[in-house]
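Engineer: Dumping the structure here so I can ask a few things about it.
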Amino acid sequence: MAYIFLDESGDLGFNFKKKGTSKFFIVTFLFIEGSKNPIEKIVKKTHSELKKKLKRRVGILHSVNEKPITRQRLLKRLSKKDCVIMAVCLNKQRVFTKLQDEKQVLYNYVTNILLDRIYTKKIIPTNKEIELMASRRETNKFLNENFKDYLNRQIKDVHEGIIKISIKTPAEEKSLQAVDFISWAIFRKYEKRDNDYYNIIKNKIIEENPLFP
Numbered sequence: 105m106a107y108i109f110l111d112e113s114g115d116l117g118f119n120f121k122k123k124g125t126s127k128f129f130i131v132t133f134l135f136i137e138g139s140k141n142p143i144e145k146i147v148k149k150t151h152s153e154l155k156k157k158l159k160r161r162v163g164i165l166h167s168v169n170e171k172p173i174t175r176q177r178l179l180k181r182l183s184k185k186d187c188v189i190m191a192v193c194l195n196k197q198r199v200f201t202k203l204q205d206e207k208q209v210l211y212n213y214v215t216n217i218l219l220d221r222i223y224t225k226k227i228i229p230t231n232k233e234i235e236l237m238a239s240r241r242e243t244n245k246f247l248n249e250n251f252k253d254y255l256n257r258q259i260k261d262v263h264e265g266i267i268k269i270s271i272k273t274p275a276e277e278k279s280l281q282a283v284d285f286i287s288w289a290i291f292r293k294y295e296k297r298d299n300d301y302y303n304i305i306k307n308k309i310i311e312e313n314p315l316f317p
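Going from the sequence shown to the numbering used here is simple: count from 1 and add 104.
This is the structure in structure tokens:
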């Protein structure tokens, strides 16, 4: 069995005068071949180290809300595990005007670039069952049945492969909490020019594609 965990950081808003609109949008894949238990254990262990007050208030880890020591602990533990990371980094300020109005098309396009690179690099073992899990967010309009259908068509028609695609919450699938930290660390590198967290997991990143650089 092999797993691909997908998460994103940033937003797909294009009103750069609006406070909080990001300059970059990052889509990240965390790829694991074999059991996902080691990744789940990292999340559980890191969560267990939170102060009791925090654990009662928050049931999951979310990188943007955590303290630096929590982020560092989780990323350092991930850096020692058998996994690989790929990311596409979209410079939103360079996106064509037409694509700015087709956000779902843009999201699907960015995600498919990662899938294509995984097949091209032969990271996916064709003789194993593969599951791609994407993180469901209440504010994310793009992770829906259309997204699943689009990826399934691309996998079947272009790559001639079969991948089970599921959309779950980070509470349902703990490994999605791990890829959230990874995607956030990569996002910090581009959005804030802060490499501190990125450097912790840099050894696991096998490809990092800038889109519209």
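C-beta atoms are modelled at their ideal positions from N, C-alpha and C, and glycine is treated no differently.
Less than 9 Å between the C-beta atoms of I309 and I143, yes or no?
Structural biologist: Taking the first residue of the sequence shown as 1, we reach residue 309 at position 205. Taking the first residue of the sequence shown as 1, we reach residue 143 at position 39. In this structure, I143 does not lie closer than 9 Å to I309 by Cβ.
Engineer: Can you tell me where the alpha helix (DSSP H) with N303 in it begins and where it stops?
Structural biologist: As a working note, residue 303 is residue 199 in the sequence shown. Note, N303: alpha helix (DSSP H), D300 to I305.
Engineer: If contacts are defined as beta-carbon pairs under 8 Å, then Q204 and F120 qualify, I think. What distance do you get, rounded to the angstrom?
Structural biologist: Working through the sequence shown from its first residue, we reach residue 204 at position 100. Working through the sequence shown from its first residue, we reach residue 120 at position 16. Incorrect: roughly 11 Å between the Cβ atoms, too far for contact.
Engineer: Taking 7 Å as the limit between beta carbons, can you name the residues of its chain near I164, skipping five residues before and five after?
Structural biologist: Position 60 of the sequence shown, counted from the start, is the residue given in the question as residue 164. Around I164: P274, A275 and Q281.
Engineer: When you compare each of K145, S139, S167 and E137 to W288 by their alpha carbons, which one comes out closest?
Structural biologist: Sequence index remark: in the sequence shown, residue 288 carries index 184 (1-based). Ranked by how close their Cα comes to the Cα of W288, the residues K145, S139, S167 and E137 have S167 in first place.
Engineer: With F129 and L116 assumed to form a contact (beta carbons below 8 Å), what rounded beta-carbon distance in angstroms separates them?
Structural biologist: Here the question's residue 129 lines up with position 25 in the sequence shown. Here the question's residue 116 lines up with position 12 in the sequence shown. Your pair F129 and L116 checks out as a contact, with CB atoms roughly 6 Å apart and the cut at 8 Å.
Engineer: Could you tell me which whole beta strand (DSSP E) segments of length 3 or greater appear in the region 126 to 152?
Structural biologist: Taken in chain order, the unbroken stretches of beta strand (DSSP E) that lie wholly in the region 126 to 152 and span 3 residues or more are 128 to 137.
Engineer: Quick check: what's the CA-CA separation for I267 versus I222?
Structural biologist: Against the sequence shown, residue 267 aligns to sequence position 163. Against the sequence shown, residue 222 aligns to sequence position 118. One C-alpha to the other measures close to 12 Å.
Engineer: Using 10 angstroms around the beta-carbon of F316, count the other beta-carbons present and answer buried if the total reaches 16, otherwise exposed.
Structural biologist: If you number the sequence shown from 1, residue 316 lands on position 212. By the 10 Å Cβ count, F316 comes out exposed.
Engineer: If you count every other CB in all the chains shown that lies within 10 Å of the CB of D253, and 16 or more means buried, which is it?
Structural biologist: Position 149 of the sequence shown, counted from the start, is the residue given in the question as residue 253. Exposed, by the Cβ-count rule.
Engineer: Is the separation between the beta-carbon of T150 and that of T174 shorter than 9 Å?
Structural biologist: Here residue 150 corresponds to residue number 46 of the sequence shown, with the count starting at 1. Here residue 174 corresponds to residue number 70 of the sequence shown, with the count starting at 1. Yes. Within cutoff.
Engineer: Determine the DSSP secondary structure at A106, reduced to helix, strand or coil.
Structural biologist: Taking the sequence shown and counting its residues from 1, the one referred to as residue 106 is at position 2. In the structure shown, A106 sits in a strand (DSSP, three-state: E or B).
Engineer: Hey, A106 and I136 are a contact pair by Cβ (cut 8 Å); roughly how many whole angstroms apart?
Structural biologist: As a working note, residue 106 is residue 2 in the sequence shown. As a working note, residue 136 is residue 32 in the sequence shown. Between the beta-carbon of A106 and that of I136 there is about 7 Å, and that keeps the pair under the 8 Å contact cut.
Engineer: Which residue's Cα is closest to the Cα of Q258: L218, I227, R198 and E311?
Structural biologist: The residue you call residue 258 lines up with position 154 of the sequence shown. Checking every option, the nearest Cα to that of Q258 belongs to L218.
Engineer: For V209, is the classification buried or exposed, using 16 other Cβ atoms within 10 angstroms of its Cβ as the cut-off for buried?
Structural biologist: Here residue 209 corresponds to residue number 105 of the sequence shown, with the count starting at 1. Exposed, because fewer than 16 other Cβ atoms sit within 10 Å of the Cβ of V209.
Engineer: Could you tell me the boundaries of the beta strand (DSSP E) in which K272 lies?
Structural biologist: What you label residue 272 is simply residue 168 of the sequence shown in a count that begins at 1. Counting along the chain, the beta strand (DSSP E) containing K272 begins and ends at K268 to K272.
Engineer: On a Cα-Cα basis, can you pick out the residue from L134, G138 and E112 that is closest to E233?
Structural biologist: As a position in the sequence shown, residue 233 is number 129, starting the count at 1. Nearest C-alpha to E233: G138.
Engineer: Taking E364 as part of the alpha helix (DSSP H), name the residues at either end of that continuous run.
Structural biologist: The chain is shown from 105 up to 317; residue 364 falls before or after that span and cannot be answered.
Engineer: List the whole-angstrom C-beta distance separating Y301 from L179, where the pair is believed to meet the contact cut-off of C-beta under 8 Å.
Structural biologist: Stepping through the sequence shown from its first residue, residue 301 is reached at position 197. Stepping through the sequence shown from its first residue, residue 179 is reached at position 75. Their Cβ separation, rounded to whole angstroms, is 6 Å, which keeps Y301 and L179 in contact under 8 Å.
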